[in-house]
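For reference, the structure discussed in these notes is given below.
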Ligand code: ADP
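In the numbering used here, the protein residues as written are 37 to 444.
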């Protein structure tokens, strides 16, 4: 079964093609083909990069008349380019989409006109993300006709949050208007919990975990017996941790102050909090942790401050998850920084020595894939898990395809 996965972000569009058989493999498989469009450059063409499982690589500059035409070109490299891996679109059996805001959906659903209407309605809460996701669904409809499509939501995993963890203490009418904590990165947090259970050779139901997705976007989740019990992102992916370009949580009084001064329109506030804050805003150097860390090494004081702040907030968030658990079995790190920065992992773990958590310094320094980096006598296991959101979406699509076989 050939499953295409689309992840339509505001600054990039990523896609993979997987080949899956009659049973789901225990470990993630490498895709047959993967491609990415980077929209982040304001000027000039978008960059398309694609590679296939034979190691062929294609790079192209796309004139961006419309995002949809660029996405169509990206998908067409599957069957007409130097990285082609299939004869034509007809051999694709199913398509899965990462949809950022899924409102009340508790699980992945087949895309129907009603589901599309709901994704469009929820775009009021996540304008950049849900509109791009819907566009991806429509490009696939246009190119691949009636192929089954599944929407996998970043919010679904957090539908298990209790009212105490999901309601904001504003007027009750907010809740009635849908203003509550939804939580995001759910596909990644759920995958990390399942992978942690595999690595520890334990059942998911027996584990109490804290998962830290630390990339450009950052969030931490408390997971009790496989269920999200608390998480740092809320109504939007802006709440919680300091991120690459996002501020994370700040005193809402700052916003009132800035609005009263007349310094910001709603759009300008959106830009400053989502695109000009975080590591980039504080350091003035970059949103990329590697560049900020290198500048801090050279003695750049704002970069050092940015890293200190990043660590302080990440530690605080991990600590804030503890009361939602009965004990801590495992602390899991994933995504670009979580997987690749021994410095950030050590800085977080060192704050939790009082729980009996001890890192194995050598394991922490190693560059390997999924592993346990806690010392043998640590009371808490510490795991590094490679983020596999596309694979997790492909597995949801495979499950949906199997369910369709049973109830056609
Ligand atoms: P996204 O949320 O866009 O998927 P990623 O998970 O790719 O982002 O994470 C990007 C972040 O990971 C960037 O801040 C980048 O600097 C950081 N990163 C990648 N490799 C390393 C590394 N070796 N050391 C520290 N940070 C790294």
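Glycine residues also receive a C-beta, built at the ideal position from the N, C-alpha and C atoms.
Query	Result
Kindly indicate which three-state DSSP category residue 417 falls into: helix, strand or coil?	strand
Would you identify the three-state DSSP class for residue 218, choosing helix, strand or coil?	coil
With residue 297 as the anchor, note down where its alpha helix (DSSP H) starts and where it stops.	288-297
Output yes or no for whether 8 Å exceeds the beta carbon distance between residue 223 and residue 190.	yes
What does a CB cutoff of less than 7 Å around residue 136 pick up in its chain, not counting 5 residues either side in sequence?	162, 165, 166, 169, 190, 220
Within the structure, which residues are defined as neighbours of ligand 1 by a Cβ-heavy atom distance below 5 Å, reported in chain order?	251, 252, 253, 324, 325, 326, 371, 372, 373, 376, 377
Going by Cα to Cα distance, which pick from 428, 381, 434, 403 is closest to residue 227?	428
Using the Cα positions of residue 343 and residue 379, report the straight-line distance between them to the nearest angstrom.	10 Å
Go ahead and pull the three-state DSSP assignment for residue 152.	helix
Thinking C-alpha only, which one of 146, 324, 62 is nearest residue 436?	146
Does the beta-carbon of residue 141 have 16 or more other beta-carbons within 10 angstroms, so that it is buried, or is it exposed?	buried
Residues bridged to residue 135 by DSSP?	189
Check each candidate in 280, 405, 153, 250 and name the one with the smallest Cα separation from residue 371.	250
Looking at residue 144 and residue 186, is the spacing between their C-beta atoms short of 8 Å?	yes
Whose C-alpha, out of 160, 417, 55, 119, is nearest the C-alpha of residue 93?	119
Label residue 390 either buried or exposed according to how many other C-beta atoms from any shown protein chain fall within 10 Å of its C-beta, with 16 as the threshold for buried.	exposed
According to the Cβ coordinates, are residue 394 and residue 377 closer than 8 Å?	no
Between residue 99 and the rest of its own chain, which residues show a CB-CB distance below 7 Å, the 5 nearest in sequence each way excluded?	81
Quick check on residue 90: buried or exposed, where buried means 16 or more other Cβ atoms within 10 Å of its Cβ?	exposed
Which of helix, strand or coil does DSSP assign to residue 399?	helix
Quick check on residue 52: does DSSP put it in helix, strand or coil?	strand
Quick check on DSSP: helix, strand or coil for residue 162?	coil
Just to confirm, does residue 418 get its C-beta within under 7 Å of one of the non-hydrogen atoms of ligand 3?	Looking at this structure, you won't find ligand 3 anywhere; what it does contain is ligand 1.
For residue 323, I'd like the list of residues in its chain whose CB is within less than 6 Å of its CB, leaving aside the five on either flank, ordered along the chain.	280, 281, 315, 316
Rank 400, 55, 311, 270 by C-alpha distance to the C-alpha of residue 411 and give the top, closest one.	400
Need the endpoints of the alpha helix (DSSP H) that residue 120 sits in, please.	Where residue 120 is concerned, there is no enclosing alpha helix (DSSP H), given that its DSSP letter is neither H nor E.
If we count the other Cβ atoms within 10 Å of its Cβ and call it buried at 16 or more, is residue 126 buried or exposed?	exposed
So within the region 295-383, which uninterrupted beta strand (DSSP E) runs reach at least 3 residues, ignoring any that extend past its ends?	366-370
Return yes when the Cβ of residue 235 is within less than 8 Å of the Cβ of residue 408, no when it is not.	yes
Helix, strand or coil for residue 255, going by three-state DSSP, please let me know.	strand
State buried or exposed for residue 242, treating a residue as buried only when at least 16 other CB atoms are found within 10 Å of its CB.	exposed
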